[in-house]
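Residue numbers (my numbering): 12 to 287.
Glycine included, each C-beta is placed from N, C-alpha and C at the ideal position.
Given the structure is predicted, the values throughout are model-derived calculations rather than measurements.
One structure is given below, encoded as structure tokens.
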Amino acid sequence: MRNFFRKDNTPFMWDANPNIWGSFAPNLFPVIGALKNNTYIFEGKTYTMPKHGFIRHNTDIKCIKETKNSLAFQLTYNDELLKMYPFKCSYTISYTLENNQLIVHHEICNLDTKTMYFNLGGHPAFKCPVYTDEKYTDYSLLFEHSETAETYLLNTENGLISNRTKPVFKDTNAIPLDYNLFKKDALIFKDLKSRKVKLHSKTKGDILTVTHTDFPHLGIWAKPNADYVCIEPWLGYADTETTNQDITTKEGIMKLDANRKFKAKYTIEIHKAHLV
Numbered sequence: 012m013r014n015f016f017r018k019d020n021t022p023f024m025w026d027a028n029p030n031i032w033g034s035f036a037p038n039l040f041p042v043i044g045a046l047k048n049n050t051y052i053f054e055g056k057t058y059t060m061p062k063h064g065f066i067r068h069n070t071d072i073k074c075i076k077e078t079k080n081s082l083a084f085q086l087t088y089n090d091e092l093l094k095m096y097p098f099k100c101s102y103t104i105s106y107t108l109e110n111n112q113l114i115v116h117h118e119i120c121n122l123d124t125k126t127m128y129f130n131l132g133g134h135p136a137f138k139c140p141v142y143t144d145e146k147y148t149d150y151s152l153l154f155e156h157s158e159t160a161e162t163y164l165l166n167t168e169n170g171l172i173s174n175r176t177k178p179v180f181k182d183t184n185a186i187p188l189d190y191n192l193f194k195k196d197a198l199i200f201k202d203l204k205s206r207k208v209k210l211h212s213k214t215k216g217d218i219l220t221v222t223h224t225d226f227p228h229l230g231i232w233a234k235p236n237a238d239y240v241c242i243e244p245w246l247g248y249a250d251t252e253t254t255n256q257d258i259t260t261k262e263g264i265m266k267l268d269a270n271r272k273f274k275a276k277y278t279i280e281i282h283k284a285h286l287v
């Protein structure tokens, strides 16, 4: 994914500088963000799960298909994963390049005889500013609809969502980017009307658009003072501070019946003016 979009050697994706943030597009499954005490409960048993789940950094993921314009990767349950996540399942993610769009498609298969519970999300990080003659503050995020919405504030000590909120939109479709925007971690939106977000430069115009029709929740994040911004399509979000840790009643959780499949995709479109 890091090398899909370039113009004259100009990258559009963050370079995963390990001195700042050593990732550029983690995939989030079967949880998003932090769990309370890094644990959850299912059928009376407690399980431990790392932040964002077990897909990122997992060396057992295999490339199962490669074509001229696509790659597909898969992880299927094994004995070690069942100790962490007691559902027999497979996770498949594919990346397909069509003209100036990257389609990121997910397929979750429940291979078990019981209902499984999960969250699913993306975490792509985009270079910002893209061009060397720009500043971070030249950029803004433009949403397809005018919004009036609040972000749900994280407890920075444990990564859990508090009951406190902070206004972000009031009858506007824009979030101006500023290094101070993420001093208290991510912006978390549970109920936006918009399903498209543009990264916009006041000097270069629209750079790229993330369309996340299948993902009703959204995170916006960057390390403070870092030259990137993450536009994160989510199905679900971190635990709340008041959770009882039962995964079956976790706020934002998805359910998938036995022997069923779930599919969801989002797209990244680089505007053609920046590709010629």
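Cβ-Cβ distance between residue i and residue j below 8 Å
i    : j    : result
S157 : D182 : yes
G133 : P227 : no
L164 : F40  : no
T254 : Y142 : no
S212 : D149 : yes
D71  : L171 : no
D234 : W32  : The sequence as given places Lys at residue 234; Asp does not occur at that position. Yes. Within cutoff.
F154 : N184 : yes
G230 : L203 : no
A136 : G216 : no
Y88  : K73  : no
T103 : E118 : yes
Boundaries (first-last residue) of the beta strand (DSSP E) holding residue i
i    : result
E155 : Y150 to L165
Y106 : C100 to E109
L131 : L131 to G133
D136 : One point to set straight first is that residue 136 is Ala, not Asp, in the sequence displayed. Looking at the DSSP string, the run of the beta strand (DSSP E) that includes A136 is A136 to K138.
T224 : Run containing T224: none; DSSP gives neither H nor E here.
L198 : L198 to F200
E145 : Looking at the DSSP string, E145 is not in any beta strand (DSSP E), and its letter there is neither H nor E.
T78  : K73 to T78
Under the three-state DSSP convention, the category residue i falls into
i    : result
H211 : strand
H117 : strand
D217 : strand
M95  : helix
N184 : strand
F84  : strand
A36  : coil
F15  : Its pLDDT being 49, under 50, F15 is placed unreliably by the model, and the measurement read from it follows with that caveat. DSSP places F15 in coil when its eight states are reduced to three.
Y58  : strand
F193 : helix
K204 : coil
L171 : coil
K47  : helix
K177 : strand
Cβ distance (whole Å) where residue i is taken to contact residue j below 8 Å
i    : j    : result
T259 : Y128 : 6 Å
F289 : P97  : Limits of the chain in this structure are 12 at one end and 287 at the other, which puts residue 289 out of reach.
L188 : Y147 : 6 Å
L152 : K209 : 7 Å
L108 : T278 : L108 to T278, Cβ: 11 Å. No contact.
N111 : E280 : 6 Å
N121 : D268 : 7 Å
S81  : Y58  : Actually they do not touch by this definition, with Cβ atoms about 34 Å apart.
D225 : C139 : About 25 Å; that fails the 8 Å criterion.
A160 : F193 : So it is not a contact: roughly 17 Å between Cβ atoms.
F23  : L219 : 6 Å
A45  : N174 : Going by Cβ atoms, the distance from A45 to N174 rounds to 16 Å, so no, they are not a contact pair.
R67  : N49  : Going by Cβ atoms, the distance from R67 to N49 rounds to 15 Å, so no, they are not a contact pair.
Test: residue i CB closer than 8 Å to a CB of chain B
i    : result
M127 : Included in the structure is just one protein chain, with no chain B present.
Uninterrupted beta strand (DSSP E) stretches inside the region 228-280 (no shorter than 3 residues): 228-232, 239-246 and 265-267, all fully within the region 228-280.
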